[in-house]
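K.L.:
Those sequence lines, one after another, are chains A and B.
The first sequence: position 140 = 139 (numbering that gives the first Met the number 0), numbered continuously.
The second sequence: position 268 = 267 (numbering that gives the first Met the number 0), numbered continuously.
Number of protein chains: 2
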Amino acid sequence: MESLSIAVLGAGNAGTTLANTIAVNGHDVRLWTVEDDVAEDMRSNRENTKYLPGIGLRENVRICGLEESLDGAGFIVLAVPSTVVRAMCGQIKPFLKHYQVLINVAKGIEEDTLMLMSDVIADAVGEDNHIIVISGPMIANELARGIPTAVAIAGTDEKAQNLIQKSFSTDFFKLYKNEDMVGVELGGSLKNIIAIAAGISDGLGYGSNTKSALITRGLAEISHLGAAMGGRPLTFSGLSGLGDLYTTCTSKHSRNRRFGENLGMGMNVEEARKKVEQVVEGIFATKVGYQLGKKHGIDLPITNILYGISHEGRTDVRAEMSDFMQGFNEVHF
Amino acid sequence: MESLSIAVLGAGNAGTTLANTIAVNGHDVRLWTVEDDVAEDMRSNRENTKYLPGIGLRENVRICGLEESLDGAGFIVLAVPSTVVRAMCGQIKPFLKHYQVLINVAKGIEEDTLMLMSDVIADAVGEDNHIIVISGPMIANELARGIPTAVAIAGTDEKAQNLIQKSFSTDFFKLYKNEDMVGVELGGSLKNIIAIAAGISDGLGYGSNTKSALITRGLAEISHLGAAMGGRPLTFSGLSGLGDLYTTCTSKHSRNRRFGENLGMGMNVEEARKKVEQVVEGIFATKVGYQLGKKHGIDLPITNILYGISHEGRTDVRAEMSDFMQGFNEVHF
């Protein structure tokens, strides 16, 4: 296997895990972070004690400055929060060579522009560089410990995808190609809407029947929207859609599910959010989903109900959710 | 709403729950069971203390003999185990009128013939009667308690489907039409294969990443087989596929998931089955899935691995499951 030079930008939980996983196959991995203390910690202790405690960094993960990490790298992994992707691209643009392939793992849609991350990246760096996205059920702490993990990979260059698939895959990490970049990106971005709905069902004390129905119909809703935006419906039933959604809806740690559970137990939006203590991405995703539904003329019953609850001050969550049983059209797959 | 006469054959957990749910809208519901003591219990106590304790029967659920239950009924609900469906049909055939619509809720495929339940029914009663199937995430104990539940309905007569949809639906029970009867039936029959795989992942101590990947790829596998058998791929992402699967894979009570968990923890097939104490349908479903894959020429990697473990004596479950990460083709939705 050809040894590749790969820059990983962002050394949070996901970035550090990816750097260490890619390093299994012996590549030259350069890890950069904006946080100087985290970089210093990793240099001194060969561990990211802040974001990935307990996992030693492999020898061939080098902690680098930004220019140093980019210099001669064939691949640049963007592992920063989605809200930072545009700024990050602006920062690396002056150093970027046309042959460097950008690999995005940030999930999200840009506020105001409603652009997918791949479009944000293309908009920020220009048209010369290929863009690849990786998305799927990838809880970093599990992958970091060698728990078998499978994700979807999509992008604008098939040769690059093939090389990444071959070069990144290990015994416990497997990448599956998908031709539908829009679908792969959308699934990871919109799944948190459904996770909130599933959480509300939990909080209301509803059972497995209700939660299954919400997840199934929520996924259908996202598939309809995704198809209108150019994605393939079946992509949403794949690793980057259903796979990621399953993880989110069953995890006790999912902030979005917990936010919904708090709502179902009778808290208002502000209380429910405060109790979660961290950013609840699904609140923003709900707004984006609502706006995208309007823009593309797609009926999104669950998204609309959640929008009413989280952005329009509707407080009777039980009554709103019972609309879910009544308000749909009668035919469904 | 027109008041209908509906026979429900079988007063187990599911049959009793369905009879009581249909009765919400005031129909004339006749409930029959082969177990005389259960019939007597329900007549005396207005409760099925053996199979649905704690739920009072509605006034308009009448406990009837077989002929009495069928006489003048427009709809006949078959709520007996799938292994009994053919015999049950033989038993009612002498009394059957051509206008009576059979509604099947038993999930399964017939051993030896590999026939779907709707085909078994048509084979047993002849071609004169329309057949409807109802399938989805419907844990009876939840539905019986009024927990919101949504299921799929498909069949050979659209007018009958419309009438059932309208007449059976309540505030907490909703039926969604699906044009794909083969897909609706198959999903409920084959989901238990995936549930075993998900259980093995749990038993091996793998994480949410692995389980999500198994469920997603397992569903894809069933969709491929289903398409070859005449179903629509998206049906398997609907209530009767993914919806039912989600319930099975997350439920602590799922016998199939528990059987898999026991295998993952190191028991052999016999020990794992004994510990579950009840019939593990997924063992049989695995054999059927394996045979159907061969018959239709569809590659079913997870099913094949499970067949090796449960029917061919392969005992190194961890090694077999690691094939799941290695042996697939590289492109996937």
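For every residue, glycine included, the Cβ atom is placed at its ideal position computed from N, Cα and C.
Tell me the DSSP secondary structure of A:A151 in three-state form.
P.N.:
Numbered from its first residue, the first sequence carries residue 151 of chain A at position 152. Note: A:A151 maps to strand in three-state DSSP.
K.L.:
Would you mind giving the Cβ-Cβ distance between A:P136 and A:F171, rounded to the nearest angstrom? I have them listed as a contact below 8 Å.
P.N.:
Start at 1 with the first residue of the first sequence, and residue 136 of chain A comes out as number 137. Start at 1 with the first residue of the first sequence, and residue 171 of chain A comes out as number 172. Not confirmed; about 13 Å, so no contact.
K.L.:
Measuring CB atoms only, is the stretch 26-33 of chain A touching the stretch 5-14 of chain A, in the sense that at least three cross pairs come out at less than 8 Å?
P.N.:
yes
K.L.:
Taking the straight line between their C-alpha atoms, what separation do you get for A:L213 and B:Y205?
P.N.:
Start at 1 with the first residue of the first sequence, and residue 213 of chain A comes out as number 214. Start at 1 with the first residue of the second sequence, and residue 205 of chain B comes out as number 206. Going from the Cα of A:L213 to the Cα of B:Y205 covers about 26 Å.
K.L.:
Relative to the C-alpha of B:G281, which candidate in B:T169, B:G312, B:L189 has its C-alpha closest?
P.N.:
The sequence position of residue 281 of chain B within the second sequence is 282, counting from 1. The option with the nearest alpha carbon to B:G281 is B:L189.
K.L.:
Would you kindly report the start and end of the unbroken alpha helix (DSSP H) that includes A:S81?
P.N.:
Indexing the first sequence from 1 puts residue 81 of chain A at position 82. Counting along the chain, A:S81 falls outside any alpha helix (DSSP H), and DSSP gives it neither H nor E.
K.L.:
Are the stretch 48-59 of chain B and the stretch 7-21 of chain B touching, with three or more C-beta to C-beta distances below 8 Å?
P.N.:
yes
K.L.:
Can you give me the start and stop residues for the alpha helix (DSSP H) that A:V287 sits inside?
P.N.:
For the purposes of this step, residue 287 of chain A is taken as residue 288 along the first sequence, with counting starting at 1. Per DSSP, A:V287 belongs to the alpha helix (DSSP H) from 280-295.
K.L.:
Can you tell which of A:S117, A:R313, A:G263 has its C-alpha closest to the C-alpha of A:D156?
P.N.:
Mapped onto the first sequence, residue 156 of chain A falls at position 157. Checked all of A:S117, A:R313, A:G263; the closest Cα to A:D156 is A:S117.
K.L.:
List in chain order: all unbroken beta strand (DSSP E) runs of 3+ residues lying wholly within the stretch 94-130 of chain B.
P.N.:
100-103
K.L.:
What does B:N208 reach in chain A if we use C-beta pairs closer than 8 Å?
P.N.:
As a first step, residue 208 of chain B is located in the second sequence; it is residue number 209 there, counting from the start. Correct list: P136, M137, I138, E141, L142, I146, P147, T148, A149, T246.
K.L.:
Just grab the DSSP bridge partners of B:F74 for me.
P.N.:
Within the second sequence, the letter at position 75 stands for residue 74 of chain B. Paired residues: B:I5, B:V100.
K.L.:
Any beta carbon from chain B within less than 8 Å of A:S166's own beta carbon?
P.N.:
Position 167 of the first sequence, counted from the first residue, corresponds to residue 166 of chain A. At a cut-off of 8 Å between beta-carbon atoms, A:S166 makes no contact with chain B.
K.L.:
Got a sec? Which residues, its chain only, sit under 7 Å from B:A72 by beta carbon, not counting five neighbours each side?
P.N.:
Locating residue 72 of chain B in the second sequence gives position 73, counting from the first residue. The answer, listed in chain order, is S4, I5, A6, R29, Q99.
K.L.:
For the ligand ZN, is there any heavy atom lying closer than 7 Å to the beta carbon of B:G206?
P.N.:
Because no ligand of any kind appears in the structure shown, any question about the ligand ZN cannot be addressed here.
K.L.:
Where does A:F172 sit, in a helix, a strand or coil, going by DSSP?
P.N.:
Along the first sequence, read from residue 1 onward, the residue named residue 172 of chain A stands at position 173. Strand, per DSSP.
K.L.:
Hey, out of A:K273, A:E276, A:I304, whose CA is closest to A:T285's CA?
P.N.:
Taking the first sequence and counting its residues from 1, one reaches residue 285 of chain A at position 286. Selected option, being the one with the closest Cα: A:I304.
K.L.:
Determine which residues of the stretch 205-236 of chain A have a Cβ less than 8 Å from any Cβ of chain B, and write them out in chain order.
P.N.:
Correct list: Y205, G206, S207, N208, T209, K210, S211, A212, I214, T215, R216, L218, A219, S222, R231, P232, L233, T234, F235, S236.
K.L.:
In the DSSP assignment, what are the bridge partners of A:R29?
P.N.:
For the purposes of this step, residue 29 of chain A is taken as residue 30 along the first sequence, with counting starting at 1. Note: A:R29 sits in a beta bridge opposite A:A6, A:R61.
K.L.:
Within the same chain, show all residues whose beta-carbon is closer than 6 Å to that of B:G89, passing over the 5 residues directly before and after it, in chain order.
P.N.:
Residue numbering aside, residue 89 of chain B sits at position 90 when the second sequence is read from its first letter. The residues are A123.
K.L.:
Give a yes or no on whether the minimum CB-CB distance between B:G307 and chain A is below 8 Å.
P.N.:
Translated into positions along the second sequence, residue 307 of chain B becomes position 308. Taking Cβ atoms only, chain A never reaches closer than 8 Å to B:G307, which makes this a no.
K.L.:
Just the Cα atoms here: how many angstroms apart are A:L113 and A:G240?
P.N.:
Residue mapping note: residue 113 of chain A aligns to position 114 of the first sequence, counting from 1. Residue mapping note: residue 240 of chain A aligns to position 241 of the first sequence, counting from 1. Each residue's alpha carbon lies about 19 Å from the other.
K.L.:
Here's the rule I'm using: 16 or more other beta-carbon atoms within 10 Å means buried, otherwise exposed. How should A:A219 be labelled?
P.N.:
Here residue 219 of chain A refers to the residue found at position 220 when the first sequence is read from its first residue. Classification for A:A219: buried.
K.L.:
Could you have a look at B:E46 and say whether DSSP puts it in helix, strand or coil?
P.N.:
What you label residue 46 of chain B is simply residue 47 of the second sequence in a count that begins at 1. Strand.
K.L.:
So that I know if they touch, is there some Cβ in chain A lying closer than 8 Å to that of B:G11?
P.N.:
By one-based count along the second sequence, residue 11 of chain B stands at place 12. False, the Cβ-Cβ gap to chain A never drops below 8 Å.
K.L.:
Within its chain, find whatever has a CB closer than 7 Å to the CB of A:Q164; leave out the 5 residues flanking it on each side and keep chain order.
P.N.:
As a working mapping, residue 164 of chain A is identified with position 165 in the first sequence. Correct list, in chain order: I152, L174, K176.
K.L.:
Pick from A:H97, A:A196, A:R216: whose alpha carbon is nearest that of A:M264?
P.N.:
Counting from 1 along the first sequence, the entry for residue 264 of chain A is found at position 265. Out of A:H97, A:A196, A:R216, A:A196 has the C-alpha closest to the C-alpha of A:M264.
K.L.:
In whole angstroms, what is the alpha-carbon distance linking A:L77 and B:I120?
P.N.:
Along the first sequence, read from residue 1 onward, the residue named residue 77 of chain A stands at position 78. Along the second sequence, read from residue 1 onward, the residue named residue 120 of chain B stands at position 121. Distance between the alpha carbons of A:L77 and B:I120 is about 57 Å.
K.L.:
Apart from the five residues just before and just after B:V275, which ones in its own chain have a Cβ nearer than 6 Å to its Cβ?
P.N.:
In the second sequence, the residue the question calls residue 275 of chain B occupies position 276. Only R254, R257, F258 meet the Cβ criterion.
K.L.:
Could you work out which residues of chain A lie near B:G333, taking near to mean beta carbons separated by less than 7 Å?
P.N.:
Beyond the ends of chain B as shown, which are 0 and 332, falls residue 333 of chain B; an answer cannot be given.
K.L.:
Closer than 9 Å, Cβ to Cβ, to anything on chain B: give me those residues from the stretch 250-276 of chain A, in chain order.
P.N.:
S250
K.L.:
Check each candidate in B:E184, B:S236, B:L291, B:E260 and name the one with the smallest Cα separation from B:V279.
P.N.:
Numbered from its first residue, the second sequence carries residue 279 of chain B at position 280. For the residues B:E184, B:S236, B:L291, B:E260, the minimum Cα distance to B:V279 belongs to B:E260.
K.L.:
When the Cα of B:R224 is compared with those of B:V181, B:G242, B:T249, B:K158, which residue comes out closest?
P.N.:
Here the question's residue 224 of chain B lines up with position 225 in the second sequence. This sequence places Leu at residue 224 of chain B; Arg is not what is there. Ranking the options by Cα distance to B:L224, first place goes to B:V181.
K.L.:
Verify whether the separation of the beta carbon atoms of B:S222 and B:K210 is less than 8 Å.
P.N.:
As a position in the second sequence, residue 222 of chain B is number 223, starting the count at 1. As a position in the second sequence, residue 210 of chain B is number 211, starting the count at 1. It is not a contact, given that the beta carbons lie outside the stated cut-off.
K.L.:
Would B:G145 pass as an interface residue toward chain D - the criterion being a Cβ-Cβ separation below 8 Å?
P.N.:
The question asks about chain D, but that chain is absent: this structure's protein chains are A and B.
K.L.:
Compute the distance between the beta-carbons of B:V183 and B:S134, then report whether it is under 8 Å.
P.N.:
Walking along the second sequence from the start, residue 183 of chain B turns up at place 184. Walking along the second sequence from the start, residue 134 of chain B turns up at place 135. The answer is yes: Cβ separation under 8 Å.
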